[in-house]
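Engineer: Chains as they are written, first to last, in my numbering: chain A, 475 to 557; chain B, 25 to 280. In this text, a Cβ means the ideal position worked out from N, Cα and C, and glycines have one as well. Being a predicted model, the structure only gives us computed values, none of them experimental. So that we are looking at the same thing, I have put the structure below in structure tokens.
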Amino acid sequence: MKVLPLSELPTGQWGRVVSLKARGMARCRLLDLGLVPDTPVQAVRRSPLGDPTAYRIRGALIALRREEAGQVLVTPFMILPAR
Amino acid sequence: MPLATELRERFNIHPDPGAAVIALAGNPNTGKSTIFNALTGLKQHTGNWPGKTVLQAQGTFHFGGKKYILVDLPGTYSLLANSAEEMIARDFLCFARPDATVVVTDATCLERNLNLALQVMEITGRVIVCVNFIDEARRKNIFIDVDCLARELGVPVVVTAARSGLGLTELKTGIDALVRGQIVTSPRRLIYDPDIEEAVARLEEKIPGEIKEWINARWLALRIIDHDRSTLDNIRQYFEVPEWGVLRERYKYCPT
């Protein structure tokens, strides 16, 4: 299983949260945003300067900075197009 | 111990013996302000939360011959006080002790909104959950099983589409019934791991009785375990409890 930081997830790709590296308040905040293990998350678009990036998390679009997204480890997965 | 009205005055709520205070909580962008405007109309005024550069809006409405003061809390994802907004929302629920709290949620992404609802329900049981944007959810083929949600949460659930005014009467009826005690809630309680539950039980016993009268002891015990220093400091800002300092010192080194 390939595991990478959420900040490295290519635009358009989906990943599933494996774990959070953050501790304390930063961890709490990521959990509050809905990033608990097994949550699917998609990198939707990057801002012109490359930071922050908008992610789809549980139906909402949320911008995370590189430092924050880097604290989330995900494993990429494919969504097959509906037929 | 201070009086309820004194504590509420610290949050700029003017004492009004006949009126009930209703807090409006919710994640950002859930249409909270639309609901606030729809309920209060032009009877509102804005200012700042005391000591903070965060906008406070409060307004009034009448229903069933009773006056209601509606307080719009800042939109937050959580009450764990990572920001000034979260601290305001949490302190208001804890110390101003509204007669009822409406948690506004977004029907199109309900799941992510329930985190806040559960956190509010840990502080106060007098909660009514409002599932807003129900029109938009229907367009996206999302159907909400309201009865099931109400059963699972143990509090009343009302669906609204605030922009078109749908469900607002039901919301007011719900608030009214809750404040008058016609609805008794049984908020779902989160059960933590056995070691945490054991520590909570031991801590709850040690919390002074005067504080227990004011704040949900279980919630407070959980914050002590969290090592949530801002809550503990804020308590001293609102109440003067002699043993509290001792308690705080003793649990200062609680493992996080």
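Considering only residues of the same chain and omitting the five flanking positions on each side of B:T29, which have a CB-CB separation below 7 angstroms?
Structural biologist: P39, listed in sequence order.
Engineer: Sorted by chain position, which residues of the same chain lie with C-beta nearer than 6 angstroms to B:A44's C-beta, five sequence neighbours on each side aside?
Structural biologist: Cβ within range, chain order: Y92, D123, V203.
Engineer: Below 9 angstroms between beta carbons is the criterion; list the residues of the region 495 to 514 of chain A that meet it against any residue of chain B, in chain order.
Structural biologist: So the close ones are R497, G498, M499, A500, C502, R503, L505, D506, L507, G508.
Engineer: Within 10 angstroms of the Cβ of B:C278, are there 16 or more other Cβ atoms? Answer buried if so, exposed if not.
Structural biologist: Here B:C278 scores only 49 on pLDDT, less than 50, and its place in the model is too uncertain to base an answer on.
Engineer: Taking 8 angstroms as the threshold (C-beta atoms), are B:E228 and B:A245 in contact?
Structural biologist: yes
Engineer: Taking three-plus beta-carbon pairs below 8 angstroms as touching, is the region 530 to 549 of chain A in contact with the region 500 to 512 of chain A?
Structural biologist: The region 530 to 549 of chain A vs the region 500 to 512 of chain A: in contact.
Engineer: Should the region 47 to 56 of chain B be regarded as contacting the region 93 to 100 of chain B, the criterion being three or more beta carbon pairs within less than 8 angstroms?
Structural biologist: yes
Engineer: Report the three-state DSSP secondary structure of A:A496 (helix, strand or coil).
Structural biologist: coil
Engineer: Considering just the uninterrupted stretch of the beta strand (DSSP E) at B:G7, what are its terminal residues?
Structural biologist: There is simply no residue 7 of chain B to check, as chain B begins at 25 and stops at 280 in what is shown.
Engineer: Are the beta-carbon atoms of B:A108 and B:A186 separated by less than 8 angstroms?
Structural biologist: no
Engineer: In chain order, what residues of the same chain have a beta carbon less than 8 angstroms from the beta carbon of B:T280, not counting five sequence neighbours either side?
Structural biologist: Only weak support exists for where B:T280 lies, its pLDDT of 40 falling under 50; the coordinates are left without a value.
Engineer: Compare the beta carbon distance of A:R497 and A:V548 with 8 angstroms and say whether it is the shorter of the two.
Structural biologist: no
Engineer: Using three-state DSSP, classify B:C278 as helix, strand or coil.
Structural biologist: Since pLDDT at B:C278 reaches only 49, below the 50 mark, its modelled position is unreliable, and the value read off the structure follows with that caveat. Note: B:C278 maps to coil in three-state DSSP.
Engineer: For a minimum of 4 consecutive residues, which ranges assigned as the alpha helix (DSSP H) are wholly contained in the region 102 to 156 of chain B?
Structural biologist: If we require 4 residues or more, the alpha helix (DSSP H) runs fully inside the region 102 to 156 of chain B come out as 108 to 115, 134 to 147.
Engineer: Alpha carbon to alpha carbon, what distance is there between A:L554 and B:I112?
Structural biologist: 44 angstroms
Engineer: Report all residues from its chain with a CB closer than 7 angstroms to the CB of B:L79; omit the five preceding and five following residues, and keep chain order.
Structural biologist: T70, N72
Engineer: Quick one: does B:C278 have its CB under 8 angstroms from some CB of chain A?
Structural biologist: Here B:C278 scores only 49 on pLDDT, less than 50, and its place in the model should not be relied on; the value that follows carries that caveat. B:C278 does not count as touching chain A.
Engineer: Whole angstroms are fine: how far does the CA of A:W488 sit from the CA of B:M145?
Structural biologist: 33 angstroms
Engineer: Who are the Cβ neighbours of B:L173 in its own chain at under 6 angstroms, not counting the five residues just before and after it?
Structural biologist: Once the five neighbours on either side are set aside, the close Cβ partners of B:L173 are V181.
Engineer: By alpha-carbon positions, which one of A:D512, A:C502, A:T485, A:L478 ends up nearest to A:S521?
Structural biologist: Nearest C-alpha to A:S521: A:T485.
Engineer: Considering B:F60, what are the terminal residues of the alpha helix (DSSP H) in which it resides?
Structural biologist: Segment 56 to 64, the alpha helix (DSSP H) holding B:F60.
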